[in-house]
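Quick note: to get this note's numbering, add 361 to the position in the sequence shown (first position is 1). Scroll down for the structure; my scribbles are underneath it.
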Amino acid sequence: MSDNEIDPTTPRKNPKREVKSIGGRKLQPSTLMMGHGYDPTLSEGSLKAPIFLTSTFAFESAAAGKRHFEGITGKRPGGAEGLVYSRFNAPNQEILEDRLAVWDGAEDALSFSSGMTAISILMMAYAGQGDVIVHSGPLYAASEGFVAKWLSRWGISYVDFPAGASREKIDETLEKAKSMASENGGKVCMIYLESPGNPTNALVDIEAVNQARDAAGLGSAQAAEGDSTKQGCPIAIDNTFLGPLWQRPLEHGADIVAYSLTKYVGGHSDLVAGSIAGAKKWMDPVRALRNTMGGICDPHTAWMLLRSLETVELRMQRAGENAVKVCAFLSKHAKVEGLGYLGMIKDDRQQDIYDRHCLGAGSTFSLLLKGGEAECFRFLDALKIAKLAVSLGGTETLASHPASMTHLSVAEGRRAELGIGDNLVRISIGIEDADDLIADFEQALEQV
Ligand SMILES: Cc1ncc(COP(=O)(O)O)c(C=O)c1O
């Protein structure tokens, strides 16, 4: 050994090969969440991934640096090999993305600094001047606002259909979108769904949307001619209310699944983040725009999400069980007009969609009180355990009034059309004791 070489006290170890099945049995997501995508030997044996607070990564050689940038900029096919700069990606986010992809059975996933960053960058990556986005309604108000108020500035228009729409209605909407696109010199660039819709829990028939897309000649099979992306028009879906446990949209004909990880996945109301997942070919344009703009989740939040993912199944199961009990109580209460709960659907078409698409009813629902805003406010102000706050999917029960809070920016007429009335309280059930929650709702209803 020469003088200027350092003798490492511990010899370097090679990464361990990952076990994804045992004796032909494919390991389940809940098992993979404890280690998938992370090799302790690369981090001094640390059982848990450290938080990598670095903005940049040292290249092994100048040639390796050039090769990385050729991958990032698309000069060489196959993308980046390894890490370059933390706006593009970094270890905690890579592990997170690998684990998120597992839950949705996706080839690839991308993480973002919020659900809205994920959704906005996704739409911007696919939409160009003259293009038309088709979306279901209702959407989370900021998603609807991004399409209507921001994308329209850049010559992108939209047409929507109600969540529960029949195949005929979806066909009709796609035909309208096609003629708008041809008038504007663009294409139908994305079908964007939210199911269940926030806050009504209205479900979209993803299978029917997929069939309608192909019948309208907008699918990948037909896209080879005339479509610059040669991929067709992707179907993206916001699965925040039921994912990743209770609905797996990629199995029902969606191409891209989007999340506010702030909700069930983060699950403790202590972080803000988002993600998308799907086949690599759908992720690549979004990754390219994220590389340019930034918007990736930060390392600390990614680390928190890795911790959250270890318990996401347990938390969601418990919250789902609590919601069954709480809704059974609320549904019989004299001051309750109705419930928008997926475990108590009254409409045959919605029930059919639920039976085909959903694996559980979730724990977020709308409670319709007899009365209006005044009654809802009295109820909300009287709650002792449930917290009066927007958001959902946390360990604690939250309640809010969408018409005057999250959906205030939606025009009054449109709110009525979407069923977001003044008597609607949105409730997200947490993992507390179910009977304690029932006692809280009972005493609050007495104040109405
Ligand atoms: C269904 C849905 N999608 C997207 C978002 C936006 O997510 P974020 O707040 O993480 O940006 C929300 C937030 O409430 C939501 O409820």
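Where is the CB? At the ideal position from N, CA and C, for every residue including glycine.
Residue span of the beta strand (DSSP E) that contains residue i, given as start and end
i, result
"Leu700", "697 to 701"
"Ser727", "725 to 730"
"Tyr553", "549 to 555"
"Tyr715", "Careful: Tyr715 lies outside any beta strand (DSSP E), inside the alpha helix (DSSP H) at 709 to 718."
"Ala597", "596 to 599"
"Val786", "785 to 789"
Buried versus exposed call for residue i [16 or more other C-beta atoms within 10 Å across all chains shown]
i, result
"Ile383", "exposed"
"Trp607", "buried"
"Ser416", "exposed"
"His768", "buried"
"Ser727", "buried"
"Lys539", "buried"
"Pro438", "exposed"
"Thr478", "buried"
"Asp709", "exposed"
"Trp643", "buried"
"Leu512", "buried"
"Thr402", "exposed"
Residue range of the alpha helix (DSSP H) that includes residue i
i, result
"Leu741", "734 to 743"
"Tyr620", "Not the alpha helix (DSSP H): Tyr620 falls in the beta strand (DSSP E), residues 617 to 621."
"Tyr487", "476 to 487"
"Phe430", "423 to 434"
"His661", "660 to 692"
"Ala800", "795 to 807"
"Trp464", "452 to 465"
"Asp810", "Because the chain here runs from 362 to 809, residue 810 falls outside it and cannot be looked at."
"Ala777", "773 to 779"
Cutoff 6 Å; reference residue i; Cβ partners in own chain excluding five residues on either side
i, result
"Ala743", "Ala805, Gln808"
"Ala684", "Ser724, Ile790"
"Gly614", "Ile567, Glu568, Asn571"
"Ile517", "Ala488, Asp492"
"Ala313", "The structure shown has nothing for residue 313, since the chain only spans 362 to 809."
"Pro481", "The question names Pro, but residue 481 is Ser in the sequence shown. Correct list, in chain order: Phe507."
"Thr590", "Only weak support is given to the placement of Thr590: the predicted model assigns it a pLDDT of 49, under 50, and the question is left unresolved by the model."
"Asp599", "Glu555, Ala619"
"Leu603", "Gly723"
Check whether residue i and residue j have beta carbons under 8 Å apart
i, j, result
"Cys658", "Gln490", "no"
"Tyr625", "Gly476", "no"
"Gly639", "Arg676", "no"
"Ile567", "Pro595", "no"
"Met551", "Tyr487", "yes"
"Leu729", "Asn784", "yes"
"Leu622", "Ala410", "no"
"Ala702", "Ala722", "The identity of residue 702 in the sequence shown is Tyr, whereas the question assumes Ala. Cβ distance < 8 Å, so Tyr702 and Ala722 count as in contact."
"Asp483", "Ala597", "Looking at the sequence itself, residue 483 is Leu, so the reference to Asp does not match. Going by C-beta atoms, Leu483 is nearer than 8 Å to Ala597."
"Lys641", "Asp469", "yes"
"Gly593", "Leu579", "yes"
"His397", "Glu421", "no"
"Pro452", "Phe413", "yes"
"Ile714", "Leu564", "yes"
"Gln712", "Gly525", "no"
"Ser504", "Gly558", "no"
Counterpart residues of residue i in DSSP-defined beta bridges
i, result
"Gln608", "Cys719"
"Ile637", "Leu471, Ala619"
"Lys748", "Leu759"
"Arg528", "Answer is none; Arg528 lacks a bridge partner."
"Gly498", "Pro523"
"Ser416", "In the DSSP output, where bridge partners are listed per residue, Ser416 has none listed."
"Lys387", "Ser382"
"Ser765", "DSSP lists no partner for Ser765."
"Val493", "Ser518, Val549"
"Tyr399", "In DSSP, Tyr399 forms no bridge with anything."
"Tyr446", "Thr417"
Spatial neighbours of residue i in its chain, beta-carbon cut-off 8 Å, leaving aside the 5 residues before and after
i, result
"Lys748", "Glu757, Thr758, Leu759, Ala760"
"Ile781", "Pro499, Pro560, Thr561, Pro763, Ala764, His768, Val771"
"Val495", "Tyr519, Val520, Asp521, Phe522, Thr534, Leu535, Ala538, Val549, Met551, Ile552, Tyr553"
"Ala462", "Glu468, Asp469, Ala470, Ala638"
Own chain, CB closer than 7 Å to residue i, minus 5 neighbours either side, in chain order
i, result
"Ile433", "Ala441, Val445, Phe449, Asn652"
"Ala634", "Ser472, Phe473, Ser474, Ser475, Leu622, Thr623, Gly627, Cys658, Thr662, Leu666"
"Asp797", "Ile746"
"Glu671", "Met394, Met395"
"His694", "Leu806"
"Met485", "Leu650"
Contact test: residue i Cβ vs ligand 3 heavy atom, cutoff 7 Å
i, result
"Phe420", "Among the ligands modelled here, namely ligand 1, ligand 3 does not occur."
is_contact[residue i, chain D] using C-beta, thresh 8 Å
i, result
"Ser556", "Among the protein chains of the structure shown there is no chain D, as only one such chain exists."
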